[in-house]
Each structure stands twice: as C-alpha cells, then as structure tokens.
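Worksheet for the structure shown next.
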Amino acid sequence: MRDLANKQKIVEFMRAFGRLARNEAEVFLTGGSTAVLEGWRDSTADIDLKFVPELDELFRGIPAIKESLMLNVELASPPDFIPELPGWRDRCTYIGSEGKVSFYSYDPYSQALSKIERGHEKDVLDVRAMFDRKLIEPAKLVELFTQIGAKAYTSIPQLMQNHSLKRFDVQSKNGNSAGVPFPSEVGVKKPAG
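And the structure:
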C-alpha cells in the first residue's frame, strides 16, 4: 500500500527526481500536488506530473522513486483531459529547482478546466479553493474557455454541459441566473455534423 503524499513527501520526491536528471528538464506538478503545496489540502493520493523534455532517465527512474518513497506517481496533466490552453506555460508558477530539474505548478486555469471536465467532488472543491485563493479569476477562466472554442465540444463534452459549469459562481457576460457561462454566451458553437 502506498502512502498519501503530504508536503514533505512531495519535497522528497522532487529531490529524488532532481537527482535522476543528467540534462536540464522542467517538471510541471498538477492536481493534488498543487493543492498540497498551496495549502488547501494536507495530502494527495498521487503526484501527477508532466516533464519536458521527456528524458529517458526520468521515465526509467520513476518506478524506483515510487518504491523507495512508497508514493503513487502518475504521468498526467491537464492536456490529457482538455485541449492545451494558449499561454499555459506563462501561467505556471515556479516552485524550485533540484539538480538540473526546475519544478513548477501547472497553469491553474488549465487545472481548473480539467477538474471541471472531470467533475469529481474533490475536483469541485479544488476549483473553489483556486477561486478563494485568487489563483484564478472568473473573467480569465471564461476567456480561456472561449479560446479553446469548438474543440471543447469534441474533446471536453463535460465542460459543454450546463450542469457541470453550474457548480461554480463564474459570471458570464450575459449574467444568467446561475452565474455561469453557457457555451453560446461565450461564443462557442457546436461544430456541424
């Protein structure tokens, strides 16, 4: 049985992962790891991450780190669930460096939209925490959602369903009664066919 990852375990993981790299790399932590590092959760079931470039030594080293630290580590990030948002790298926040590896928290807007797409209760709570901590702003979330446009209908159907967006107090430009942006209000049209 693997341990939950608290802040100390995440830092231990970062140190171990940093020792693996012979070349420079960037690691983008996401999901529960962000929640733990930002302080609205005490622990997470797994450390979700994406690294660039996809270095062989990093892939090969993950199983040993998982075993030595008794942690779940998943190669997962928002683009696995939603289209990549424009400018996502610019919105990542620097955490620190270990060896040749720089660690970042993945773009909070990408994280929020991917969590809305999944719609699990813990994801809903995470998005609310992001709003509460001012990591994301409603208008910017709507703007980025609009920018992914019609791709949303085919790749993220959950985002396009009103019940998914109603969980959040996000003001649309038309200010509908639920206070959320409906696809037609943010200029997203269902593709023909």
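According to this note's numbering, the sequence shown is numbered sequentially starting from 1290.
Every residue gets a Cβ at the ideal spot worked out from N, C-alpha and C, and that includes glycine.
With 16 other Cβ atoms within 10 Å as the buried cut-off, status of residue i
| i | result |
| --- | --- |
| Pro1352 | exposed |
| Leu1364 | exposed |
| Val1431 | buried |
| Gly1328 | exposed |
| Ser1357 | exposed |
| Pro1342 | exposed |
| Gln1400 | buried |
| Asp1412 | buried |
| Lys1269 | The displayed coordinates of the chain run from 1290 to 1482. Any statement about residue 1269 would go beyond what the structure contains. |
| Met1419 | buried |
| Phe1348 | exposed |
Residue from the options with nearest C-alpha to residue i
| i | options | result |
| --- | --- | --- |
| Glu1315 | Asp1421, Pro1427, Tyr1395 | Tyr1395 |
| Ala1308 | Phe1392, Asp1331, Glu1373, Phe1370 | Note on residue identity: the sequence assigns Arg, not Ala, to residue 1308. Answer by Cα proximity: Phe1392. |
| Asp1331 | Leu1338, Phe1340, Gly1321 | Gly1321 |
| Trp1377 | Ala1310, Arg1417, Ala1305, Lys1429 | Lys1429 |
| Leu1293 | Asp1337, Glu1313, Leu1433 | Asp1337 |
| Asp1379 | Pro1367, Glu1356, Pro1397 | Pro1397 |
| Ala1324 | Leu1433, Leu1414, Ile1437 | Leu1414 |
| Phe1302 | Glu1373, Ser1386, Pro1372, Asp1412 | Ser1386 |
| Asp1369 | Tyr1383, Glu1346, Leu1402 | Leu1402 |
| Arg1407 | Ile1437, Pro1367, Arg1422 | Pro1367 |
| Lys1339 | Val1362, Asn1312, Ile1405 | Val1362 |
| Glu1346 | Asp1421, Glu1313, Tyr1383, Ile1371 | Glu1313 |
| Lys1355 | Tyr1383, Lys1298, Ile1425 | Lys1298 |
| Lys1296 | Arg1311, Met1290, Ala1310, Asp1335 | Asp1335 |
| Ala1310 | Cys1381, Gly1388, Leu1318, Thr1333 | Gly1388 |
| Glu1371 | Ile1384, Cys1381, Lys1404 | The sequence as given places Ile at residue 1371; Glu does not occur at that position. If we check each option's Cα against that of Ile1371, Lys1404 comes out closest. |
| Leu1318 | His1409, Cys1381, Asp1421 | Cys1381 |
| Ile1437 | Phe1306, Met1359, Pro1375 | Pro1375 |
Residue range of the alpha helix (DSSP H) that includes residue i
| i | result |
| --- | --- |
| Tyr1398 | 1397-1407 |
| Ala1314 | First-last for Ala1314: 1314-1319, but that is the beta strand (DSSP E), not the alpha helix (DSSP H). |
| Leu1385 | Going by the sequence as given, residue 1385 is Gly instead of Leu. No alpha helix (DSSP H) contains Gly1385, which is instead part of the beta strand (DSSP E) from 1382-1387. |
| Lys1411 | 1410-1421 |
| Ala1428 | 1427-1437 |
Helix, strand or coil at residue i [DSSP, three-state]
| i | result |
| --- | --- |
| Lys1339 | strand |
| Ala1294 | strand |
| Gly1328 | coil |
Residue i at chain C interface by Cβ criterion, 9 Å
| i | result |
| --- | --- |
| Leu1347 | No chain C appears in the structure shown, which is made up of a single protein chain. |
Proximity test, residue i beta-carbon vs the ligand ADP heavy atom, cut-off 8 Å
| i | result |
| --- | --- |
| Arg1308 | You won't find the ligand ADP in this model; it holds no ligand whatsoever. |
Residue ranges of each beta strand (DSSP E) run of no fewer than 3 residues wholly in the stretch 1332-1378, ordered along the chain? Qualifying beta strand (DSSP E) stretches, in chain order: 1335-1341, 1361-1364.
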